[in-house]
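Trainee: Quick one: the structure is below, questions incoming.
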Amino acid sequence: MPDQPTPPSLLIRPDRVTPFDRGNGVVTIPYVGKWNCESNHVTTGRTRFAAGTGLPLHSHNVEESVLVLEGEAVAEIGDDSFDLVAGEATWVPAGVPHRFWNRGSGTMSIYWVYGGRDVTRTMTATGETFEHLSDSDRGGLSAS
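The structure is reproduced here in structure tokens:
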């Protein structure tokens with residue numbers, strides 16, 4: 001078996017971001033703190049998943065890139081489902097329902113980048129749309 005790639009390290013300024021618990025072992029750390037300004041054209045952050053946890057099916061108004069930093073993930077994107085391990089990445093087109101789950105026995109974390117600053121999230125089950133990372137979005141996206 002070939003050596004697994006070493007996930008990249010990420011340095012953030014913790015006094016400028018506030019992690020939030022989505023419930024059931026899923027924690028998001030947005031890297032869009034005070035330094036994020038109107039000239040920025042991406043929204044980025046990291047989400048950590050405890051073993052066996054994931055997020056509900058949802059979509060965004062912009063495309064999203066996801067890199068698995070550690071652990072083992074199941075990606076469900078549209079009609080496709082596939083496994084990803086640390087160092088592997090995938091892309092989600094705008095408007096396509098998707099979710100990521102931790103399929104391993106340890107922590108899984110992903111680094112995400114959205115192709116835009118004004119991101120929304122639409123919950124597939126309810127059809128509700130929220131501004132990404134808003135208080136409403138944080139409540140609407142509680143892990144099941």
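Residue numbers (UniProt numbering): 1 to 144. All C-beta atoms, glycine included, are put in the ideal place defined by N, C-alpha and C.
Just reading off the beta strand (DSSP E) that S59 is part of, what are its end residues?
Mentor: Taken as a continuous stretch (DSSP letters only), the beta strand (DSSP E) holding S59 covers 58-60.
Trainee: Starting from G109, follow the beta strand (DSSP E) in both directions and report where the run begins and ends.
Mentor: The sequence shown places Ser at residue 109, rather than the Gly named in the question. Element bounds for S109: 108-114.
Trainee: Taking the alpha helix (DSSP H) that D137 belongs to, which residues open and close that run?
Mentor: That run of the alpha helix (DSSP H) goes 135-140.
Trainee: With DSSP as the reference, label E88 as helix, strand or coil.
Mentor: coil
Trainee: Rounded to whole angstroms, what is the Cα-Cα separation between G139 and E131?
Mentor: Each residue's Cα considered, the two are about 12 Å apart.
Trainee: Within 10 Å of its beta-carbon, does H98 have 16 or more other beta-carbons around it, so buried, or fewer, so exposed?
Mentor: buried
Trainee: Pick from G87, D137, V96: whose alpha carbon is nearest that of residue 147?
Mentor: This structure cannot speak to residue 147, because the chain is shown only from 1 to 144.
Trainee: Any idea if A125 is buried or exposed, counting beta-carbon neighbours within 10 angstroms, 16 or more meaning buried?
Mentor: exposed
Trainee: Can G87 and V68 be called in contact, C-beta distance under 8 Å?
Mentor: yes
Trainee: Just verifying my parser: in three-state terms, what is the DSSP assignment at D83?
Mentor: strand
Trainee: Cβ of T47 within 8 Å of Cβ of V27?
Mentor: Cβ distance < 8 Å, so T47 and V27 count as in contact.
Trainee: Could you spell out where the beta strand (DSSP E) holding N102 opens and where it closes?
Mentor: 98-102
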